[in-house]
Structures are given as structure tokens and as C-alpha cells.
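Structure first, then comments.
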Amino acid sequence: MNGEDAPRLVETIPDMRAASLEARTGGRRLGFVPTLGFLHEGHLSLVDRARERCDRVAISIFVNPAQFAPDEDYEAYPRDLQRDLSLADDRGVDIVFAPDREEMYPEPPQAWVVPGSLGDRLDGASRPDHFRGVLTVVAKLFNVVRPDLAVFGRKDFQQSVLVRRMARDLNVPVEIELAPIVREEDGLAVSSRNQYLDDGERRRARAVPESLREVREAYREGERSPAALGRRGRRVLEEAGAEVDYVEVVTPDTLETPPEPAPPESVCALAARIGDTRLIDNARLAGPTTL
Ligand code: AMP
74 MNGEDAPRLV ETIPDMRAAS LEARTGGRRL GFVPTLGFLH EGHLSLVDRA RERCDRVAIS
134 IFVNPAQFAP DEDYEAYPRD LQRDLSLADD RGVDIVFAPD REEMYPEPPQ AWVVPGSLGD
194 RLDGASRPDH FRGVLTVVAK LFNVVRPDLA VFGRKDFQQS VLVRRMARDL NVPVEIELAP
254 IVREEDGLAV SSRNQYLDDG ERRRARAVPE SLREVREAYR EGERSPAALG RRGRRVLEEA
314 GAEVDYVEVV TPDTLETPPE PAPPESVCAL AARIGDTRLI DNARLAGPTT L
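Dropping the structure here:
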């Protein structure tokens, strides 16, 4: 495990605990990137960040049934462990924790990590129980992997806010770092779900980053009303034939609508369906962005 060997594949909780202890001997720092697998550049950028900051890096690959509603894509979600292992190897991952469903949930849980009101808005409004599933599995993974640092992507904006809050509220001894959104050349955020898009849908999906660019442009030109900014973004999506779930300008830590004039660090977050594929994205109103 020196970053040059192939990653060690670990499939059970006891083996992962042992691998973590070994990785952390002598005061070495362990970085961790939880994923649903089917790795792409977005995930791998988090691995790079963890490697920069830590001596050893573990990732988890687990399609967590608890965060999918019955009508969502749990069964169809793409899975390819061999491909993931090879990508992880290329990026110097030391440990790949890939438990099966039975290992993580030998019986239906009776104890959950349930978000407060931060989990009710935005994605939480259309995906009830989603964040309960996310926070519960992240807490379980933290307890098994025991990382010093965990890196999450800003792509899943509300998730990143909730995970940080959970770590604080539950005094989890882990540092949480958030990493920038990795995008395709045309601006679409890289996502495992992009592969559901056919060619026409993929072209229409450009409206997603385009709508965020429009919101930033409107802000640059002086629009300061959160509602008006949201409407500007929504229009771009609707013109592209996307079915908009929400486009909202929010304060990053509270997810509440900011007062007018909206401050530059407010975030415009959106979810929209292109065909059957639900895409999410977000950007600050002004300042650094990968758009
Ligand atoms: P997922 O496998 O979709 O659960 O994603 C695992 C982690 O990768 C989460 O912290 C995501 O926010 C992050 N992630 C996914 N896509 C991207 C992206 N395009 N840029 C940066 N981080 C990402």
C-alpha cells in the first residue's frame, strides 16, 4: 500500500477495519472518498485531492439501496467493479471497499441518521427519505473506514451541506473537504447518470450548465432578486424542453432563500429531467466556478 501497488479490494467490514488500522499506523493520515461506483473524472478528482492531503486513500463503492426510492434507478444504476478497480489503480488508490448489500444491511435498520429541515428542501422535497439514506450510509462508512479526511463533491450540493452538518452535529472525528464540480467540455457536470442520455437528450442537457451561466450573467448585470434569478435559469431549461423540478437561489449553509440583494456566495441549485434522466447542478452567483 504505497500508492504504487494495485489497490487492495476489501469486501467485508472486519477486513476494512483491519485495513484502516494498518493504513493509519504511525500517525499516517487516511483519506476517504465514498462513491456509488462506476467511477468517472468527478470521483477521481476527489481521489486526487485526498491523495494530496493524506498518506493513504480509500474509496468505497456501494450502490446504497437506502437512498433510492422504489421507483428510482437502484437496479439499473451502472455497476462495473473491474473497470472501477483499474481506474482506482491508475489514480493510486490504496484501498477499495466494495461491500455487498448483505454486508452493509444484514437486516433492515432500526436506527437511522435523519436530517432536519435542511433535508426537506430542494432535492429532499422531491426525494423523500433520500437524504436519510445518504446520511445513514455515510455515517456507517465513517464508522467502518475511520478516515481522517473525507472528500465530497460540490456537484451534490445539498448532500455536501448535510454531510458537513452531520459530522458537526454528531461530533464525528473526520474533516470534511468539498471539491469543485468536474464538467465535460460543454459544461455538463460529469455524472454516472449522463450515460442514460441518448444523443438528442445529451445535446439538450447542455441547457443545464447554460441555465446556471444565464443566472450568473443576470447577477453580473445587476439582478439581485433571488426569485427573478431563479426564473431566468428556469426559462433556459424550459426552452430546451427540460422538465424543471426546481431552480432556486439559496444561502449555502441554511439552504434558505437569501434576503435581497442576494449576496454573491448564494448558490443557484437546480434539478431537471431531460427525458427520463434527472440531472442536478449548481453554481455560486458570482466568484469561482468551473462553468
Ligand atoms: P456518487 O457516486 O454519485 O455518489 O458520487 C460520489 C462523490 O463524487 C460525491 O461526493 C459526489 O458529489 C462526487 N461527484 C460526483 N460527480 C462529480 C463531479 N462531476 N464533480 C465533482 N464531484 C463529483
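Numbering follows our numbering, with no gaps: position 105 of the sequence shown is 178. Ideal Cβ positions, reconstructed from N, Cα and C, are used throughout, including at glycine. Quick caveat: nothing in here was measured; it's all calculated off a predicted structure.
Mind checking which residues open and close the alpha helix (DSSP H) that includes ILE353?
Residue 353 sits at position 280 when you count from the first residue of the sequence shown. That residue, ILE353, is in no alpha helix (DSSP H); its beta strand (DSSP E) goes 350-357.
Considering PHE225, what are the terminal residues of the beta strand (DSSP E) in which it resides?
Looking up residue 225 in the sequence shown gives position 152. First-last of the beta strand (DSSP E) with PHE225: 222-226.
ASP318 in three-state terms, based on DSSP
One-based indexing of the sequence shown puts residue 318 at position 245. Three-state DSSP puts ASP318 in a strand.
Have a look at GLN155, VAL234, PRO151 and flag the residue whose alpha-carbon is nearest the alpha-carbon of SER190.
Within the sequence shown, numbered from 1, the residue matching residue 190 stands at position 117. If we check each option's Cα against that of SER190, VAL234 comes out closest.
With DSSP as the reference, label ARG129 as helix, strand or coil.
For the purposes of this step, residue 129 is identified with residue 56 of the sequence shown, where counting begins at 1. Shown here, ARG129 sits in a strand according to DSSP, grouped into three states.
Alpha-carbon to alpha-carbon, GLU250 and ARG357:
On the sequence shown, position 284 is the one that residue 357 refers to. On the sequence shown, position 177 is the one that residue 250 refers to. Distance between the alpha carbons of ARG357 and GLU250 is about 17 Å.
Reducing DSSP to helix, strand and coil, say where GLU283 ends up.
For the purposes of this step, residue 283 is taken as residue 210 along the sequence shown, with counting starting at 1. Here DSSP, grouped into helix, strand and coil, assigns GLU283 to helix.
In the DSSP assignment, the beta strand (DSSP E) including PHE105 goes from what residue to what residue?
Sequence index remark: in the sequence shown, residue 105 carries index 32 (1-based). It spans 103-108 - the beta strand (DSSP E) in which PHE105 sits, taken as one unbroken run.
Give me, in chain order, the residues of the same chain whose beta-carbon lies closer than 6 Å to that of ASP128; leave out the 5 immediate sequence neighbours on both sides.
Taking the first residue of the sequence shown as 1, we reach residue 128 at position 55. Excluding positions up to five away in sequence, the list reads ARG101, ARG102.
Check ARG247 in the structure and name its three-state DSSP category.
Counting from 1 along the sequence shown, the entry for residue 247 is found at position 174. A small correction: the amino acid at residue 247 is Val; Arg does not occupy that position in the sequence shown. Coil.
Residues sharing a beta bridge with VAL169, DSSP
Translated into the one-based positions of the sequence shown, residue 169 becomes position 96. Answer is LEU82, ILE132, bridged to VAL169.
Applying the 10 Å Cβ sphere with the 16-neighbour rule, what's the burial state of GLU283?
Position 210 of the sequence shown, counted from the start, is the residue given in the question as residue 283. Under this definition GLU283 is a buried residue.
Would DSSP call GLY76 helix, strand or coil?
Looking up residue 76 in the sequence shown gives position 3. With a pLDDT of only 47 at GLY76, under 50, the local geometry of the prediction cannot be trusted, and no value is derived from it.
Going by Cα to Cα distance, which pick from ARG238, LEU208, MET177 is closest to THR327?
Taking the sequence shown and counting its residues from 1, one reaches residue 327 at position 254. Nearest option by C-alpha distance: ARG238.
Using only CA atoms, which one of GLY348, ALA79, LEU195 lies nearest to VAL340?
For the purposes of this step, residue 340 is taken as residue 267 along the sequence shown, with counting starting at 1. Closest option to VAL340, Cα to Cα, is LEU195.
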